[in-house]
Amino acid sequence: MINIVLFGKPGAGKGTQAEFLKEKYNLTHLSTGDIFRFNIKNETDLGKLARTFMDKGDLVPDEVTIKMLESEVDKNQDSAGFLFDGFPRTLAQAEALDEFLKSKNHNITATIALEADDNILVARLLERGKTSGRPDDQDEEKIRNRYDEYNQKTAPLMHYYDNQGKFHSVNGIGSVHEVTQRLSKVINNL
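Everything in the sequence shown is counted per the numbering used here, starting at 6 for the first residue and increasing by one.
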């Protein structure tokens, strides 16, 4: 079983690359955004609980996010592996994920960060904001705030996984095909 965590700042191309990687390596793509939306839309117990926090403008606590993710892993026990997109975002989440996978006799095989210059990513998001309608992609200040949050909370995970010998960095600038080739090279060498 291969389990990959895909990192990258907003606009780095995680979602686009995840689509190619899940097909190529027969992985189950677990996007926390998609999982949240599914649970809330279908009014699962976890979705209702998450909504109580979101309705107050609070972040959903790690425990709730982790339980949603665990549920998805349990639903896909026959999977050849998982591609984690948007999770973990904090050290506490990474440790919880390691513990959960260990309880299933699995572990994270590798973490791969799509690296790109902030100015290029800001331009990408502003362009995406014109067509997506997402308000968080239309305001440069909001985009840069998301990058600050990423740098403070998520970037330290690179050291966590690097200390385990599981961290890889890939240049995220180029055509979709070029970036997919770079990612595939890393995965094929695991």
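C-beta atoms are modelled at their ideal positions from N, C-alpha and C, and glycine is treated no differently.
Which listed residue (the options) has its alpha carbon closest to that of residue i
i           : options           : result
residue 184 : 120, 141, 134     : 120
residue 156 : 110, 86, 141, 95  : 95
residue 99  : 32, 48, 161, 24   : 161
residue 179 : 9, 8, 18, 12      : 18
residue 35  : 125, 21, 77       : 77
residue 81  : 176, 32, 190, 41  : 32
residue 93  : 79, 110, 66       : 66
residue 22  : 182, 59, 190, 193 : 182
residue 192 : 64, 148, 139, 86  : 86
Beta-carbon spacing of residue i, residue j below 9 angstroms
i           : j           : result
residue 123 : residue 152 : yes
residue 116 : residue 25  : no
residue 27  : residue 74  : no
residue 113 : residue 8   : yes
residue 118 : residue 71  : no
residue 84  : residue 163 : no
Extent of the continuous alpha helix (DSSP H) run through residue i
i           : result
residue 189 : 181–193
residue 43  : 37–46
residue 3   : Past the edges of the chain, shown from 6 to 195, lies residue 3, and the structure says nothing about it.
residue 58  : 50–60
residue 114 : Per DSSP, residue 114 belongs to no alpha helix (DSSP H) and is neither H nor E.
residue 23  : 19–30
Where the beta strand (DSSP E) containing residue i begins and where it ends
i           : result
residue 99  : Looking at the DSSP string, residue 99 is not in any beta strand (DSSP E); the run it does join, the alpha helix (DSSP H), is 96–108.
residue 86  : 86–90
residue 13  : 7–13
residue 199 : For residue 199 there is no data in the structure shown, the boundaries of the chain being 6 and 195.
Item checked: Validate contact between the stretch 49–58 and the stretch 106–116 using beta carbons, cut 8 angstroms, 3 pairs -> no
Note to self: Report the start-end ranges of each beta strand (DSSP E) in the stretch 137–163 that is 3 residues or longer and not cut off at the edges.
What the structure shows: none
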